[in-house]
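Structure, as structure tokens:
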Amino acid sequence: MTDYPPIGEQLDDLEAAREEGRRKMEWAAQHMPICTRLREEYEEEQPLEGQRIGMAMHVEAKTAILVETLAEAGAEVAVTGCNPLSTHDDVSAALDSHDSITSYAKRGVDDEEYYQAIEAVISHEPTVTVDDGMDMIAAIHEDHPELIEGILGGCEETTTGVHRLRAMDADGALEYPVFAVNDTPMKRLFDNVHGTGESSLASIAMTTNLSWAGKNVVVAGYGYCGKGVAKKAAGQNANVIVTEVEPRRALEAHMEGYDVLPMAEAAEVGDVFLTTTGNRDVIVEEHFPEMKDGVLLANAGHFDIEIDLEALDDLATERYEARDGVEAYVMDDGRRLNVVAEGRLVNLAAPVALGHPVEVMDQSFGVQAACVRELVESKAYGPGVHDVPDELDKEIAEIKLEADGVSIDSLTDTQTEYMGSWEHGT
Ligand code: NAI
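With positions in the sequence shown counted from 1, the corresponding number in the numbering used here is that position plus 823.
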């Protein structure tokens, strides 16, 4: 064990924090039928008995339901944050009070503490890892390779983490199996699209108290997240402008009726800029002088590298906190460029941010819980990135449809045979 203390040893009014955290979790659980169903099954069957699970996730109420589900399935769980600003300390405290859970997650940590907390989780010697962004898998491979032999596998939640893992796999450097949870239909088509769309716009609106109607909203990247953001912004009467580097994605945006421009041109007309690329240096030095007074700059991609804040800081003659969660950078001609949530993923890091809607995370975390069980029970996966078995993803969809009272048709035997045949032509 390292010296880094769990949250339970860091907060002053621990009891009040636990109570509030528990209240948030109960609200989330009320709207998470998939995790509730899996939890009931897992409590009875104890599929994770004897396992130690190390997690680096956004520690807020919905994640807490996943953490508890895994603990109630028989595992010892150690958890920390995957972003210095996304933890809800009260939820972290509530988790830490569970007998089988240790939570090191704390909001507002600096880089050193962030990595100390990851080390603290790793010191529990996990047999399964669950990451959002791959920081823990990286730390295990770089600094604790001796633990790899005892690790059955991992699960990765987000696009950036899966990109990093695939790059690691291609280099032959990934030494245990990891499920690309992000890439399942039940995650990506809902969490990335609807979750990021709704929660990013809601966080920006609540942080700034400004309207979307009539604004030029520049969405950088028209991937799953960008599509969601663009659609929801258009739905609130904004004019959406998309920037892209991939021709087919740009064409899709164009055919949806959005303006598509290079960032150099979008910079001149945008009122709000929201990056969703998972790439770095998307809004940089050359763009800031073109921007209008009062623009908002925000990021919904995983890391805070999409907007070059160092360059913006160099250009600024003055900086001040314009509102809670908004830093104004004043240019030498008096224009104010407003950065929301320090350029960190805005739907989780803004002071009022709540992350994705509960229902959406129920799906993502349902897939996570099922994947952890699959890793433990099958033990059949070799080192590398693995797609989540389609049947498992479908099962999660079936639970959700049943919970929402939605029925669908099933294929007849004749239809099944037809769909699997090649003999029937014109
Ligand atoms: P994606 O790969 O589907 O989309 C990214 C898009 O950005 C691609 O179309 C790519 O061509 C484009 N792009 C790359 N570089 C660009 C540049 N310089 N300028 C303009 N466009 C560029 O990825 P997805 O699933 O949309 O995820 C994007 C990011 O959001 C990732 O970092 C992911 O981890 C993160 N994410 C954040 C969530 C949140 O809660 N805020 C939820 C889910 C994902």
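All C-beta atoms in this analysis are idealised placements derived from N, C-alpha and C, irrespective of residue type, glycine included. None of the values given here were measured: they were computed from a predicted structure.
My assumption, with CB atoms under 8 Å, is that residue i sits in contact with residue j. Please give the rounded CB distance.
| i | j | result |
| --- | --- | --- |
| residue 1004 | residue 978 | 5 Å |
| residue 1132 | residue 1111 | The Cβ separation is near 10 Å, so there is no contact. |
| residue 1099 | residue 1007 | No, residue 1099 and residue 1007 are not in contact; Cβ-Cβ is about 19 Å, not under 8 Å. |
| residue 911 | residue 884 | 7 Å |
| residue 932 | residue 877 | Going by Cβ atoms, the distance from residue 932 to residue 877 rounds to 18 Å, so no, they are not a contact pair. |
| residue 951 | residue 1195 | 6 Å |
Classify residue i as helix, strand or coil using the three-state DSSP reduction.
| i | result |
| --- | --- |
| residue 1025 | helix |
| residue 1074 | helix |
| residue 1209 | strand |
| residue 1176 | coil |
| residue 1235 | coil |
| residue 1033 | coil |
| residue 1082 | strand |
| residue 1097 | strand |
| residue 1129 | coil |
| residue 1109 | coil |
| residue 1141 | strand |
| residue 1116 | coil |
| residue 1069 | coil |
| residue 850 | helix |
| residue 1242 | helix |
| residue 1050 | helix |
| residue 1154 | coil |
| residue 964 | helix |
| residue 969 | helix |
| residue 1020 | helix |
| residue 929 | coil |
| residue 1104 | coil |
| residue 906 | coil |
Can you name the residues that DSSP bridges to residue i?
| i | result |
| --- | --- |
| residue 1250 | Summary: the structure shown does not reach residue 1250, with the chain confined to residues 824 through 1249, and so no result is reported for it. |
| residue 1149 | 1146 and 1163 |
| residue 1168 | 1122 |
| residue 952 | 877 and 977 |
How would you write the range of the beta strand (DSSP E) that residue i sits in, first residue to last?
| i | result |
| --- | --- |
| residue 986 | From DSSP, residue 986 is part of no beta strand (DSSP E) but of the alpha helix (DSSP H) over 982-993. |
| residue 899 | 899-903 |
| residue 977 | 976-979 |
| residue 875 | 875-879 |
| residue 1043 | 1039-1043 |
How would you write the range of the alpha helix (DSSP H) that residue i sits in, first residue to last?
| i | result |
| --- | --- |
| residue 1188 | 1181-1201 |
| residue 1219 | 1213-1226 |
| residue 859 | 856-868 |
| residue 926 | From DSSP, residue 926 is part of no alpha helix (DSSP H) but of the beta strand (DSSP E) over 924-926. |
| residue 1065 | Element bounds for residue 1065: not the alpha helix (DSSP H) but the beta strand (DSSP E), 1062-1066. |
| residue 831 | From DSSP, residue 831 is part of no alpha helix (DSSP H); its letter is neither H nor E. |
| residue 1229 | Looking at the DSSP string, residue 1229 is not in any alpha helix (DSSP H), and its letter there is neither H nor E. |
| residue 1059 | Element bounds for residue 1059: n/a, residue is neither H nor E. |
| residue 1255 | Outside the displayed range of the chain (824 to 1249) lies residue 1255, so it cannot be described from this structure. |
| residue 943 | 934-945 |
| residue 885 | 884-895 |
Taking Cβ positions only, does residue i come closer than 7 Å to chain B?
| i | result |
| --- | --- |
| residue 1187 | The chain inventory of the structure shown lacks chain B, comprising one protein chain alone. |
Q: Please confirm if the region 1114-1130 is in contact with the region 1042-1060, defined as three or more CB-CB distances below 8 Å between the two stretches.
A: In short, these stretches touch, since the Cβ pair count reaches three.
Q. Using 8 Å as the threshold, is the region 879-897 in touch with the region 1152-1165, meaning 3 or more CB pairs across them?
A. Segments in contact, no.
Q.
Three or more C-beta pairs under 8 Å: does that hold for the region 1194-1204 against the region 867-880?
A. At 8 Å Cβ cutoff, the stretches touch.
Q) Taking one C-beta from the region 909-920 and one from the region 842-851 each time, how about it: are there three or more such pairs within less than 8 Å? A) Because the criterion of three Cβ pairs below 8 Å is met, the region 909-920 and the region 842-851 touch.
Q. Per the contact definition of three or more C-beta pairs closer than 8 Å, is the region 925-943 in contact with the region 896-908?
A. Segments in contact, yes.
Q. Any contact of the region 969-978 with the region 1179-1189, i.e. 3+ C-beta pairs under 8 Å?
A. Between the region 969-978 and the region 1179-1189 there are fewer than three C-beta pairs closer than 8 Å, too few to call the two in contact.
(Q) Does the region 1237-1246 come into contact with the region 1212-1220, if we say contact requires no fewer than three beta-carbon pairs (one atom in each stretch) closer than 8 Å? (A) With a cut-off of 8 Å on Cβ pairs, the region 1237-1246 is not in contact with the region 1212-1220, counting fewer than three such pairs.
(Q) Under 8 Å: do the region 1222-1230 and the region 1023-1036 share three or more Cβ pairs, one atom per stretch? (A) No, the region 1222-1230 is not in contact with the region 1023-1036.
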